[in-house]
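> Residue numbers (my numbering): 22 to 509.
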């Protein structure tokens with residue numbers, strides 16, 4: 022028997038024998054060139070075998086990049102399988118397959134991956150990590166707080182899509198259309214692929230009735246991004262160290278502390294890319310970093326130094342500055358920013374021997390991050406959503422479980438107009454703690470953790486006006502959450 026036919030028979034027997042893991046091995050052999058025929062043939066054999074047997078087990082199998090286009094999948098078991106970048110286009114009877122612990126559990130998602138049609142649909146706060154939506158129509162769709170990390174969105178139409186707090190770590194957006202998308206606090210990283218993205222303009226905030234086109238970029242509505250410009254525009258922003266100063270900013274202490282940080286960590290390749298005034302006496306200093314840098318450690322070290330410098334007298338600070346023109350220049354920038362309207366930018370101020378300081382045209386894209394308990398709200402909320410998506414749905418839709426109650430609490434916190442951004446960040450951290458404890462709510466250690474988190478939340482909400490919608494929500498939600506942890 023020829024080698025190719027023997028190998029095809031091996032794949033068929035592997036499918037019939039209900040050993041999904043063998044399929045990955047077989048396809049890997051093809052990729053390695055062990056047998057002289059293509060992946061397409063192996064995939065076609067795989068689909069034919071499934072169609073002929075009427076059901077196969079891929080339980081816990083690695084189906085990364087597998088292709089089930091037009092396959093009939095009735096009774097097939099995909100439970101706990103790795104379905105990263107798996108193609109389901111035009112698959113049949115997927116609703117009759119077992120799909121436990123995969124993104125296919127929700128009927129809406131199954132329909133999306135089969136048809137590629139998600140226009141104007143709502144996928145908020147869903148776990149779609151690794152989903153294959155290549156060339157999908159997602160225009161006007163909403164992905165607020167959704168985890169799309171490692172997803173395949175090549176050539177997808179995301180025009181006017183709501184991507185607020187969407188997690189896009191490792192996501193492939195090659196050739197995607199992002200014109201008119203809303204990218205407030207979206208979670209792109211240095212691993213997000215943006216090559217060939219088609220985008221004429223984006224909005225940095227979600228629309229409101231009062232402002233239907235919030236923070237359009239480019240600012241001039243008569244201008245659009247040329248080919249390749251969008252990736253260049255967004256590049257300095259997606260991997261930054263955000264240093265948020267929330268009380269009585271001391272420009273000289275900022276300048277000295279940042280110089281010290283850059284000198285102590287040359288490997289971080291710190292480069293200031295934006296300054297933004299927040300309120301009357303608050304400022305966000307955003308610095309580009311090496312992708313491998315530990316931004317949490319850098320932030321903690323910076324603020325330890327900054328707070329010590331701030332406590333010094335003016336004369337003591339002057340002794341540290343002496344005649345260092347580079348520090349004086351940065352000090353003047355910060356001082357000027359505090360006296361300007363909300364956004365402050367300056368072009369091509371090169372101070373590479375401090376940090377490669379270069380203030381570019383920028384506005385708030387990534388949200389707030391930085392000072393001790395203050396963190397990037399978009400990132401935190403995205404992490405909360407990821408933690409919540411790992412919890413099981415309530416079996417009875419009329420009796421919400423931990424996942425549903427915490428999702429309601431998350432929304433109430435984000436939408437509150439009475440909480441400061443610092444308090445929102447802290448409250449969301451406690452919701453994340455509860456979500457993680459919710460995986461084993463009856464364990465004594467998890468119950469203690471939950472009790473502490475609930476106590477912390479009550480403390481954060483203390484003092485809010487009685488009329489605040491958050492107060493009304495938490496008066497109902499916190500007791501119900503406590504009860505599910507056995508604390509009622």
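All C-beta atoms, glycine included, are put in the ideal place defined by N, C-alpha and C.
All figures in this text were calculated on a predicted structure; none of them were measured in a lab.
(1) Do residue 110 and residue 135 have their C-beta atoms closer together than 9 Å?
(2) Closer than 6 Å by C-beta to residue 216: which residues in its own chain qualify, once you throw out the five before and the five after it? Chain order, please.
(3) Hey, how far is the Cα of residue 265 from the Cα of residue 91?
(4) How many angstroms separate the CA atom of residue 511 from the CA atom of residue 268?
(5) Identify whether residue 95 lies in helix, strand or coil by the three-state DSSP scheme.
(6) Rounded to whole angstroms, what is the Cα-Cα separation between residue 353 and residue 192?
(7) Contact defined as beta carbons within less than 8 Å: I believe residue 159 pairs with residue 185. What is the distance between those atoms, to the nearest angstrom?
(8) Under the rule that 16 or more other beta-carbon atoms within 10 Å means buried, what is residue 131, buried or exposed?
(9) To the nearest angstrom, report how far apart residue 506 and residue 470 are at their CA atoms.
(10) Let me know the secondary structure DSSP gives residue 308 once reduced to three states.
(11) From the DSSP output, in three-state form, read off residue 225 for me.
(12) Give a yes or no on whether the C-beta atoms belonging to residue 263 and residue 307 are separated by under 9 Å.
(13) Rounded C-beta distance between residue 408 and residue 456? I'm assuming under 8 Å.
(14) Which of the three DSSP states, helix, strand or coil, is assigned to residue 478?
(15) Using DSSP with H/G/I as helix, E/B as strand and the rest coil, what is residue 232?
(16) Which word fits residue 498, buried or exposed, when buried means at least 16 other C-beta atoms lie within 10 angstroms of its C-beta?
(17) In this structure, how does DSSP classify residue 142 when only helix, strand and coil are distinguished?
(18) Between which two residues does the alpha helix (DSSP H) carrying residue 187 extend?
(19) Could you tell me the alpha carbon to alpha carbon distance between residue 170 and residue 304, rounded to whole angstroms?
(20) Who are residue 261's beta bridge partners in DSSP?
(21) Assuming the contact rule is C-beta atoms closer than 8 Å, residue 173 and residue 106 should be a hit. Round their C-beta distance to whole Å, please.
(22) So, under 8 Å CB-CB, residue 221 and residue 246 are touching, yes? Tell me the CB distance rounded to an integer number of Å.
(23) Below 8 Å on the Cβ atoms is my contact criterion, and I expect residue 477 with residue 436 to pass it. Report the Cβ-Cβ distance as a whole number of Å.
(24) Cα separation between residue 149 and residue 164?
(25) Shortest alpha-carbon distance to residue 460 belongs to which of 443, 324, 248, 410?
(26) Leaving out five residues on either side along the sequence, give the residues of the same chain with a beta carbon under 6 Å from the beta carbon of residue 331.
(27) Is the CB-CB distance between residue 405 and residue 276 below 9 Å?
(28) With a Cβ-Cβ cutoff of 9 Å, do residue 116 and residue 128 count as a contact?
(29) Roughly how many angstroms separate the alpha carbons of residue 329 and residue 236, rounded to a whole number?
(30) Since residue 80 and residue 101 should fall inside the 8 Å C-beta cutoff, what is the C-beta to C-beta distance between them, to a whole number of angstroms?
(31) Can you give the beta carbon distance from residue 161 to residue 141, rounded, assuming they're within the 8 Å contact cut?
(32) Which same chain residues end up closer than 6 Å to residue 311 when comparing Cβ atoms and leaving out the 5 residues on each side of it in sequence?
(33) Which partner residues of residue 292 appear in the DSSP bridge assignment?
(34) Quick check on residue 244: does DSSP put it in helix, strand or coil?
(35) Is the distance from the Cβ of residue 224 to the Cβ of residue 278 below 9 Å?
(36) What residue range is occupied by the uninterrupted alpha helix (DSSP H) comprising residue 323?
The short version:
(1) Stepping through the chain shown from its first residue, residue 110 is reached at position 89. Stepping through the chain shown from its first residue, residue 135 is reached at position 114. Residue 135 is positioned such that its CB atom lies closer than 9 Å to that of residue 110.
(2) Translated into positions along the chain shown, residue 216 becomes position 195. The residues are 195.
(3) On the chain shown, position 244 is the one that residue 265 refers to. On the chain shown, position 70 is the one that residue 91 refers to. Near 52 Å, if we compare the C-alpha coordinates of residue 91 and residue 265.
(4) With the chain represented from 22 up to 509, any question about residue 511 goes unanswered, as that position is not in the structure.
(5) Translated into the one-based positions of the chain shown, residue 95 becomes position 74. Note: residue 95 maps to coil in three-state DSSP.
(6) Residue 353 sits at position 332 when you count from the first residue of the chain shown. Residue 192 sits at position 171 when you count from the first residue of the chain shown. Using only the alpha carbons, I get a separation of about 40 Å.
(7) In the chain shown, residue 159 corresponds to position 138, counting from 1. In the chain shown, residue 185 corresponds to position 164, counting from 1. Between residue 185 and residue 159 the Cβ distance is about 15 Å, and since that is not below 8 Å, they are no contact.
(8) Counting from one through the chain shown, the residue named residue 131 turns up at place 110. With 16 or more Cβ atoms within 10 Å of its Cβ, residue 131 is classed as buried.
(9) If you number the chain shown from 1, residue 506 lands on position 485. If you number the chain shown from 1, residue 470 lands on position 449. Looking at the backbone, the Cα of residue 506 and that of residue 470 are separated by about 10 Å.
(10) As a working mapping, residue 308 is identified with position 287 in the chain shown. Strand at residue 308.
(11) The residue you call residue 225 lines up with position 204 of the chain shown. Coil at residue 225, not helix or strand.
(12) The residue given as residue 263 occupies position 242 in the chain shown. The residue given as residue 307 occupies position 286 in the chain shown. Contact flag set, yes.
(13) Counting from 1 along the chain shown, the entry for residue 408 is found at position 387. Counting from 1 along the chain shown, the entry for residue 456 is found at position 435. Between residue 456 and residue 408 the Cβ distance is about 4 Å, and since that is below 8 Å, they are a contact.
(14) On the chain shown, position 457 is the one that residue 478 refers to. DSSP places residue 478 in helix when its eight states are reduced to three.
(15) Residue mapping note: residue 232 aligns to position 211 of the chain shown, counting from 1. Reduced to three states, the DSSP call for residue 232 is coil.
(16) The sequence position of residue 498 within the chain shown is 477, counting from 1. Residue 498 should be labelled buried.
(17) Numbered from 1 along the chain shown, position 121 holds the residue referred to as residue 142. Residue state, collapsed to three classes: coil.
(18) As a first step, residue 187 must be located in the chain shown, where it is residue number 166. For residue 187, no alpha helix (DSSP H) segment is defined, and its DSSP state is neither H nor E.
(19) Counting from one through the chain shown, the residue named residue 170 turns up at place 149. Counting from one through the chain shown, the residue named residue 304 turns up at place 283. C-alpha separation (whole angstroms): 31 Å.
(20) Numbered from 1 along the chain shown, position 240 holds the residue referred to as residue 261. According to DSSP, residue 261 bridges with 309.
(21) If you number the chain shown from 1, residue 173 lands on position 152. If you number the chain shown from 1, residue 106 lands on position 85. Residue 173 to residue 106, Cβ: 5 Å. Contact.
(22) Your numbering for residue 221 matches position 200 in the chain shown. Your numbering for residue 246 matches position 225 in the chain shown. Yes, residue 221 and residue 246 are in contact; Cβ-Cβ is about 6 Å, under 8 Å.
(23) Stepping through the chain shown from its first residue, residue 477 is reached at position 456. Stepping through the chain shown from its first residue, residue 436 is reached at position 415. With a Cβ gap of about 20 Å, residue 477 and residue 436 do not count as contacting.
(24) In the chain shown, residue 149 corresponds to position 128, counting from 1. In the chain shown, residue 164 corresponds to position 143, counting from 1. So the two alpha carbons sit approximately 10 Å from each other.
(25) Position 439 of the chain shown, counted from the first residue, corresponds to residue 460. Ranking the options by Cα distance to residue 460, first place goes to 410.
(26) Numbered from 1 along the chain shown, position 310 holds the residue referred to as residue 331. Hits under 6 Å: 271, 274.
(27) Counting from 1 along the chain shown, the entry for residue 405 is found at position 384. Counting from 1 along the chain shown, the entry for residue 276 is found at position 255. Not a contact, by the Cβ cut-off of 9 Å.
(28) If you number the chain shown from 1, residue 116 lands on position 95. If you number the chain shown from 1, residue 128 lands on position 107. Yes, the pair counts as a contact, with Cβ atoms nearer than the cut-off.
(29) Here residue 329 refers to the residue found at position 308 when the chain shown is read from its first residue. Here residue 236 refers to the residue found at position 215 when the chain shown is read from its first residue. Cα to Cα, residue 329 sits roughly 37 Å from residue 236.
(30) Within the chain shown, numbered from 1, the residue matching residue 80 stands at position 59. Within the chain shown, numbered from 1, the residue matching residue 101 stands at position 80. So it is a contact: roughly 6 Å between Cβ atoms.
(31) Here residue 161 is taken as the residue at index 140 of the chain shown, counted from 1. Here residue 141 is taken as the residue at index 120 of the chain shown, counted from 1. Indeed they touch by this definition, with Cβ atoms about 4 Å apart.
(32) Stepping through the chain shown from its first residue, residue 311 is reached at position 290. Closer than 6 Å at the Cβ level, and outside the excluded window around residue 311, lie 289, 290.
(33) Here residue 292 refers to the residue found at position 271 of the chain shown. 309.
(34) Numbered from its first residue, the chain shown carries residue 244 at position 223. The answer is coil: DSSP assigns residue 244 none of H, G, I, E or B.
(35) Counting from one through the chain shown, the residue named residue 224 turns up at place 203. Counting from one through the chain shown, the residue named residue 278 turns up at place 257. Against a cut-off of 9 Å, the Cβ pair of residue 278 and residue 224 comes out as no contact.
(36) As a first step, residue 323 must be located in the chain shown, where it is residue number 302. Note, residue 323: alpha helix (DSSP H), 316-332.
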